Structures are given as structure tokens and as C-alpha cells.
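Visitor: In our numbering, the protein residues as written are 10 to 263.
One structure, as C-alpha cells, below. Some questions next.
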């Protein structure tokens with residue numbers, strides 16, 4: 010299970026998509042920049058290529074990041090690597106993220122994908138710093154059965170599915186920024202899990218409402234509100250925003 014240094018600052022800074030505002034998302038360059046900025050954990054996305062390789066890509070297709078209509082699942086690794094020179098395989102991401110925590114947002118729902126992911130973490134001696142982000146309770150339960158000690162983060166669609174996630178084996182629970190409040194943070198804590206707040210909205214272009222930013226983005230007011238809730242971790246594209254705010258909070262008189 011992921012060991013969190015009790016002396017580490019709170020909330021932990023998780024670099025979303027490796028630190029998508031620091032360098033090209035989900036690349037080793039972003040990982041290095043996030044580490045240099047002081048992030049405690051790297052988050053990256055996992056999809057499966059046509060020829061069976063796990064790669065760090067968020068979208069199902071290449072339109073947004075490469076202007077190409079092809080889908081990841083229909084493309085082989087060589088093709089994807091030619092289109093995206095910074096593309097990381099899971100093995101490369103495990104190596105590039107060390108020694109930070111590594112949160113893997115698994116975009117796949119087939120339990121058959123879990124053994125190779127866990128094996129890659131084990132081969133990289135990274136089970137103790139790895140976290141699997143999973144969206145389905147059945148997938149959480151399957152991962153827990155495969156590895157009793159691995160940390161699991163529930164990406165639940167329902168922000169109140171806390172008990173269900175815990176029963177399925179989750180040790181972390183994600184809340185979107187707009188859904189995060191004191192009652193839900195307290196419920197997560199009472200269930201014996203750690204809380205993660207995902208900044209922005211669950212979309213690439215923000216709709217009217219709070220917060221006024223797309224996924225991964227946040228401003229100083231948003232950080233202030235998040236810190237007041239005292240979550241265990243925050244996921245954002247630019248971890249420097251959280252790290253700077255934590256420092257100010259630590260220096261402020263209680």
C-alpha cells in the first residue's frame with residue numbers, strides 16, 4: 010500500500026496528466042517538471058494499443074493532441090510513437106515517475122487489463138508508490154483480489170458512493186471540485202479512505218457555473234476553498250499553484 014510520509018505537507022500535490030501546464034501532457038518532460046516543482050505524485054492515463062501495449066494517453070482518439078482521427082485502440086505502438094514523439098509506455102512511465110507516487114488513471118473497464126498493470130508496477134519495484142484509479146466497483150474488487158496491498162482510487166460517478174467504493178476495496182476516493190464539501194470529506198475520512206479533489210470541471214471546455222475552469226485548471230480562489238476543506242490530495246495541471254498556497258498557509262499564524 011502507498012506509504013504517505015506523515016511529515017509531508019497536506020494536501021499532497023498530484024500533477025494531473027503529468028503536469029499538463031508544465032509541458033506536453035503525459036510525457037517524461039512533464040513528469041520532470043512536476044517533480045522539480047515539488048509535486049508528491051504524478052497522475053497519468055492508461056489506454057491499450059491494437060498490438061497490446063499500455064500507453065499514457067488520455068483521449069480515446071488522437072484528434073485533440075495530434076490532429077488525427079485515429080483511435081488509440083485501433084493503432085499500433087509504432088504508429089502512435091511516430092505521431093507522438095513524447096509518448097510513454099507504462100513501463101517508461103513507471104521509470105520516469107520515480108521516486109514520486111504514481112497514480113494510473115485506467116481508462117479501460119475489462120478486468121483482464123489489471124494483471125499486466127500490476128505486473129508492470131511490480132517489475133519496476135513500484136507497487137508501494139503506485140495507485141490504480143478505477144471507475145467501476147467490480148474493477149476495484151477485482152484489483153483488490155489480485156493485489157491485497159495496492160492502493161486503489163475510486164473514480165466514482167456518484168460523489169456519495171463512498172460506502173460502495175470502500176466495500177469494493179478502494180483506499181482513496183475522488184471528488185470533483187464542485188462536489189467537494191465538508192460532509193463528503195468527513196464521510197471519506199470516516200470510511201477509512203483518503204480524499205482527492207480533482208480541480209476544474211469534468212470537461213475540456215468549462216460550462217457556466219462553478220468552478221469556471223475545465224478539467225485540471227484552478228485559480229487562487231479555488232485553491233483557497235479547497236485548502237479550507239483539508240483534503241488529503243489535490244489533482245491539478247499546475248502543481249505549483251497548490252504548493253505555493255500550502256507554503257503560505259503553513260506560514261500563516263493559526
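No residue lacks a Cβ here, since even glycine has one placed at the ideal position from N, Cα and C.
All values derive from a computational prediction rather than experimental measurement.
What are the residues that DSSP puts in a beta bridge with residue 209?
Guide: According to DSSP, residue 209 bridges with nothing at all.
Visitor: Out of 258, 208 and 230, state which residue places its alpha-carbon closest to the alpha-carbon of residue 248.
Guide: If we check each option's Cα against that of residue 248, 208 comes out closest.
Visitor: Going by beta-carbon coordinates alone, are residue 92 and residue 71 separated by less than 8 Å?
Guide: Cβ distance < 8 Å, so residue 92 and residue 71 count as in contact.
Visitor: Grab the span of the beta strand (DSSP E) containing residue 24 for me, first residue to last.
Guide: From DSSP, the beta strand (DSSP E) with residue 24 extends over 21-24.
Visitor: From residue 198 to residue 231, what distance separates their C-alpha atoms?
Guide: Distance between the alpha carbons of residue 198 and residue 231: 22 Å.
Visitor: State whether the stretch 227-243 contacts the stretch 33-46, with contact taken as three or more CB pairs (one from each stretch) at a distance under 8 Å.
Guide: At 8 Å Cβ cutoff, the stretches do not touch.
Visitor: Apart from the five residues on each side of it in sequence, which residues of its chain come closer than 7 Å, Cβ to Cβ, to residue 36?
Guide: So the qualifying residues of the chain are 27, 95 and 97.
Visitor: Would you identify the three-state DSSP class for residue 184, choosing helix, strand or coil?
Guide: Three-state DSSP puts residue 184 in a strand.
Visitor: Are the beta-carbon atoms of residue 182 and residue 213 separated by less than 8 Å?
Guide: It is not a contact, given that the beta carbons lie outside the stated cut-off.
Visitor: I'd like to know whether the C-beta of residue 247 is nearer than 8 Å to at least one C-beta of chain D.
Guide: Considering every chain present, this structure includes no chain D. It has just one protein chain.
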